[in-house]
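Chemist: Residue numbers (the numbering used here), protein chains in the order written: chain A, 16 to 140; chain B, -19 to 273.
So that we are looking at the same thing, I have put the structure below in structure tokens.
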Amino acid sequence: MRLLTHNMLACNIKGVTNGYPLRLEAEKWVEKEVDFNADFLRGVFPKIDWPALVGAARALGFHDLLPVDAPDPSVLASDDELLRRFHRALLQLHVEEGGLVCPETSRRFPINKGIPNMLLHEDEV
Amino acid sequence: MPRPEFQAPPEIFYNDSEARKYTTSSRIIEIQSKISERALELLNLPNDGVPCLLLDIGCGSGISGETLSENEHHWIGFDISQSMLDVALEREVEGDLLLADMGQGLGLRPGVIDGAVSISAIQWLCNADKSSHEPIARLKAFFGSLYRCLTRGARAVLQLYSDNVSQSEMIMKAAMRAGFAGGVVVDFPHSTRARKTYLVLTCGSSSMQTSLPKGKGEDRESCSDDDDDDERDVDDKQTVGIYDRHRLSKRMKITKKGKGKAWVIKKKNQLRNKGYSVPPDTKYTARKRKACF
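Below is the structure:
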């Protein structure tokens, strides 16, 4: 699971109002090379929840990969170095084993072989 | 063969052996990737070369996802069958995979996805496989969450095999209730084999793109069944009855002069409309052979 997907995922349990962001617990992660596409990154930037992305990168041990405060889109257009870091965090880091924890109910969704198990129990639907 | 929906719930039907069968059959792969290409075409994404973030609902072993990757889009795949996802991992698909039940709603943040495709999956929602399953509630949860997670003006193209009319009506109604605009596009409507139904849904701002694309293979001449009906109607109207044995039988009509070029071209058109690959019409079509001695 890439951090891009983690950034989009929210807890789906019935009655949960504040199920975002899911806390990432990473036991194992890998880095895979992905083609760099600046247009996609600029297009997807407004949709990214920056604090959640920074938090997820920290969970993998990358404390200084991204600035804590969300950069301005104009900075992103000119700063190639930042864009490459953003690319690395968003698309190249894959969580292989671990879990996602709902911030409200503390329900844990396990991640096996890179696939988060988001299936809910019958009483959670 | 009975439809898979009637045999077992999806997470049980698509077990290890069935998942492998599904992914090693070249016929299924060909059909699935053709449908995915068509779905991507119907999705009508902006043609500026910028990759989009798409959803693949019921991604299975990632055959449809490969089509999305070939067009350089990033995608997130949902499926309920662990075995199918394991095969997808083996095939090293590029998108991210999630084990989830679409009937429980898609757990995604609102307004982040640029488009959604689903190949042969939605019909599973119409089945109640557990006592807690309520098809209408599951459809509502699915379409509601799909509507929320799409950006305004984004499209969702859902290819489905509905069992009967009331089933597709139920699905359509659920989509409309969730707020989608759109309708059904049917490719090759006159063929039982090549017929494919796509639900093309637009999210919000319906004034922008309400016009539905046209299905393939819709423009065709009336088929032979209709012709026969016409003849019968004429016969009924005749006041003077003719004894059957006095009428020229069909075979006699044909053997007199052969079937002729017009008949061959008509038949070839019928097959084309059904989606078969038919050689083009040339000057050699239905040409009489030389008499050889």
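For glycine and all other residues, C-beta sits at the position ideal for the given N, C-alpha and C.
Just so you know, these numbers come straight off a predicted model, no measurement behind them.
How long is the line joining the alpha carbons of Ala(-1) (chain B) and Leu77 (chain B), rounded to whole angstroms?
Modeler: Distance between the alpha carbons of Ala(-1) (chain B) and Leu77 (chain B) is about 16 Å.
Chemist: State yes or no: is the beta carbon of Asn33 (chain A) nearer than 7 Å to at least one beta carbon in chain B?
Modeler: No, Asn33 (chain A) does not count as interfacial toward chain B.
Chemist: Is it a yes or a no for the stretch 59 to 73 of chain B touching the stretch -11 to 7 of chain B, going by three-plus beta-carbon pairs under 8 Å?
Modeler: The stretch 59 to 73 of chain B is in contact with the stretch -11 to 7 of chain B.
Chemist: In three-state DSSP terms, what is Leu130 (chain B)?
Modeler: It is a strand residue.
Chemist: Give the interface partners of Thr20 (chain A) over in chain B, defined as CB-CB distance under 7 Å, in chain order.
Modeler: The contacting residues are Ile56, Asp76.
Chemist: Give me the Cα-Cα distance between Arg269 (chain B) and Gly238 (chain B), rounded to the nearest whole angstrom.
Modeler: Roughly 12 Å between the two C-alpha positions.
Chemist: Which class does Ser111 (chain B) belong to by DSSP, given the choice of helix, strand or coil?
Modeler: In this structure, Ser111 (chain B) counts as coil in the three-state DSSP scheme.
Chemist: Between the alpha carbons of Val69 (chain A) and Leu134 (chain A), how many angstroms are there, rounded?
Modeler: Straight-line Cα distance between these residues: approximately 26 Å.
Chemist: Return the first residue and the last residue of the beta strand (DSSP E) that Asn127 (chain A) is part of.
Modeler: Start and end: 123 to 127.
Chemist: Under 7 Å, Cβ to Cβ, is there at least one residue of chain A near Pro(-11) (chain B)?
Modeler: Answer no: the Cβ-Cβ gap between Pro(-11) (chain B) and chain A never drops below 7 Å.
Chemist: Residues in its own chain within less than 6 Å of Gly57 (chain B) by CB, not counting five upstream and five downstream?
Modeler: Asp36, Cys39, Gly45, Gly75, Leu77, listed in sequence order.
Chemist: Using a Cβ-Cβ cutoff of 7 Å, what residues of the stretch 109 to 142 of chain B are near chain A? List them in chain order.
Modeler: From the stretch 109 to 142 of chain B, only Ser112 have a Cβ closer than 7 Å to chain A.
Chemist: With 9 Å as the C-beta to C-beta threshold (strictly closer), list the residues of the stretch 43 to 63 of chain A near chain B in chain order.
Modeler: Of all residues in the stretch 43 to 63 of chain A, Val49, Asp50, Asn52, Asp54, Phe55, Arg57, Gly58, Val59, Lys62, Ile63 have a Cβ within less than 9 Å of some Cβ in chain B.
Chemist: Rounded to the nearest angstrom, what separates Asp210 (chain B) and Asn253 (chain B) at their Cα positions?
Modeler: Interpretation of Asp210 (chain B) is limited by its pLDDT of 39, a score under 50 that renders its predicted location unreliable; the figure taken from the coordinates is listed afterwards. Asp210 (chain B) and Asn253 (chain B): Cα-Cα distance of roughly 21 Å.
Chemist: Between the stretch 78 to 95 of chain B and chain A, which residues of the former have CB atoms less than 9 Å from a CB of the latter, in chain order?
Modeler: Residues passing the 9 Å Cβ filter: Leu78, Leu79, Ala80, Asp81, Gly83, Gln84, Gly85, Leu86, Gly87, Leu88, Arg89, Pro90, Gly91, Val92, Ile93, Asp94.
Chemist: Along the stretch 106 to 137 of chain A, what residues have a CB closer than 8 Å to any CB found in chain B?
Modeler: Those residues of the stretch 106 to 137 of chain A that come within reach of chain B (Cβ to Cβ, closer than 8 Å) are Leu106, Lys128, Gly129, Ile130, Pro131, Asn132, Met133, Leu134, Leu135, Glu137.
Chemist: Let me know the secondary structure DSSP gives Leu19 (chain A) once reduced to three states.
Modeler: Helix at Leu19 (chain A).
Chemist: Would you mind working out which of A:Ser121, A:Glu96, A:Lys47, A:Glu119 sits nearest Ala53 (chain A), comparing C-alpha positions?
Modeler: The shortest Cα separation from Ala53 (chain A) among A:Ser121, A:Glu96, A:Lys47, A:Glu119 belongs to A:Glu96.
Chemist: Taking 7 Å as the threshold (beta carbon to beta carbon), is Leu65 (chain B) in contact with chain A?
Modeler: Taking Cβ atoms only, chain A reaches closer than 7 Å to Leu65 (chain B), which makes this a yes.
Chemist: For a cutoff of 7 Å on Cβ pairs, would you count Trp65 (chain A) as touching chain B?
Modeler: No, Trp65 (chain A) does not count as interfacial toward chain B.
Chemist: Looking at Gln107 (chain A): is its Cβ nearer than 7 Å to the Cβ of Glu40 (chain A)?
Modeler: No, they are not a contact pair.
Chemist: Please go through the same chain and pick out, in chain order, the residues whose beta-carbon is closer than 8 Å to the beta-carbon of Asp261 (chain B), but skip the five residues on each side of it.
Modeler: Ile245, Lys248.
Chemist: Evaluate contact between the stretch 123 to 132 of chain B and the stretch 6 to 16 of chain B, counting only Cβ atoms and requiring at least three cross-stretch pairs below 8 Å.
Modeler: Output reads no: the stretch 6 to 16 of chain B does not touch the stretch 123 to 132 of chain B.
Chemist: Quick one: Cα of Arg89 (chain B) to Cα of Ala80 (chain B), how far?
Modeler: About 15 Å.
Chemist: Count the other CB atoms within 10 Å of the CB of Asp59 (chain B); is the residue buried (16 or more) or exposed (fewer)?
Modeler: So Asp59 (chain B) counts as buried.
Chemist: My understanding is that Gly163 (chain B) touches Leu192 (chain B), with C-beta atoms under 8 Å, so please give their C-beta distance in whole angstroms.
Modeler: With 8 Å as the limit, Gly163 (chain B) and Leu192 (chain B) qualify as a contact, their Cβ atoms being about 5 Å apart.
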